[in-house]
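Student: A single structure is presented below for examination.
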Amino acid sequence: MENKDFKIFIDFDGTITKVDVGSAIFEKFGEPDAVADVIERYLNDSITAKECWLLLCDSVKELDRAEFDKYIESFEIDPTFHDFIKYCSENKFEHYVLSDGFDYYINKIFKREKLENLKFYSNKLLIDGNNKLMPLFPYLDEESKSSANCKHNHIINHSSDEEFTVYIGDGVSDKETAQFCDFIFAKDDLLKFCERERITFFPYRNFHDVIKRLDDLRTKKRLKKRHRASLKRHEVYLRG
Ligand SMILES: [Mg+2]
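Spelled out as structure tokens, the structure:
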């Protein structure tokens, strides 16, 4: 059986973790009214992801760092994710985590889960001497409004036109990105978006569902790439 070469890209918040850590930390440590308002404006596309993160960081006035770190440790990941990483390694499917959240908590959670070797791209979060949160956006691209870490640039950098790309996500920060991939696994807001926009996707609840489906796909005699994904990639090449 010929093995298909999949390149796999995985969102972090709400996909690997059970809940969205990025919004939960601000809901707990930011000014509640400001946070609710900012998140709503992001979800209805009135502000970009970068603007959203800047405003959220600003809404945190006096951060208790020990409390902050302890809270981060309370977030669980989907237990099936470990099986999925094993599956990717056994089958030599390259995989990357693409997050519009922050390295600060991703590092802590991956370390606890002994997944610190996973390659991930995210925004950065610094805490200065006055305990102010300072977000940095090393992968910002003005074309990517809903994710300050421009996820599709990472996808293009890490895959060729011949490879089958897979995206696994759950939310608004995935909606532009997922369209660059051949196979989209979607739940929650990303699922609703794909339905609304008539984008082909596989619904999933956990990573066991993803494994089952990928096993199915890789044994198909003829696997087709998604035409719309190729067009998306080429739009970016043309833009230079
Ligand atoms: Mg997410």
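Each number in our numbering corresponds to the 1-based position in the sequence shown with 72 added.
All C-beta atoms in this analysis are idealised placements derived from N, C-alpha and C, irrespective of residue type, glycine included.
Computed from a predicted model, the values in this text were never measured in an experiment.
1. Can you give the Cα-Cα distance for TYR276 and GLY201, rounded to whole angstroms?
2. Where DSSP assigns a beta bridge to ASN195, which residues make up the other side?
3. Any idea what DSSP makes of THR152, helix, strand or coil?
4. Among the candidates ILE240, VAL93 and LYS264, whose CA atom is the shortest distance from the CA of ILE149?
5. Identify whether ALA121 lies in helix, strand or coil by the three-state DSSP scheme.
6. Should MET73 go down as buried or exposed, given a rule of 16 or more other Cβ atoms within 10 Å for buried?
7. Does the distance from the C-beta atom of VAL308 to that of ILE228 stay below 8 Å?
8. For CYS266, collect the residues of the same chain with a Cβ closer than 6 Å to its Cβ; drop the 5 residues on either side in sequence, then sort them by chain order.
9. State the start and end residues of the unbroken alpha helix (DSSP H) segment that holds LYS304.
Tutor: Result, derived from the coordinates:
1. Stepping through the sequence shown from its first residue, residue 276 is reached at position 204. Stepping through the sequence shown from its first residue, residue 201 is reached at position 129. Near 43 Å, if we compare the C-alpha coordinates of GLY201 and TYR276.
2. Taking the first residue of the sequence shown as 1, we reach residue 195 at position 123. Beta-bridge pairing links ASN195 to PHE174.
3. The residue labelled residue 152 in the question sits at position 80 within the sequence shown. The answer is helix: DSSP assigns THR152 an H, G or I state.
4. If you number the sequence shown from 1, residue 149 lands on position 77. Cα-wise, what sits closest to ILE149 is VAL93.
5. Here residue 121 refers to the residue found at position 49 when the sequence shown is read from its first residue. Three-state DSSP puts ALA121 in a helix.
6. Taking the first residue of the sequence shown as position 1, residue 73 is located at position 1. The pLDDT assigned to MET73 is 45, lower than 50, so where the model puts this residue is not dependable; a value taken from the coordinates is nonetheless given after this. So MET73 counts as exposed.
7. Position 236 of the sequence shown, counting from 1, holds the residue named residue 308. Position 156 of the sequence shown, counting from 1, holds the residue named residue 228. Yes. Within cutoff.
8. Sequence index remark: in the sequence shown, residue 266 carries index 194 (1-based). Excluding sequence neighbours, CYS266 sits near ALA258 and PHE273.
9. Position 232 of the sequence shown, counted from the start, is the residue given in the question as residue 304. Where LYS304 is concerned, the enclosing alpha helix (DSSP H) stretches over 299-311.
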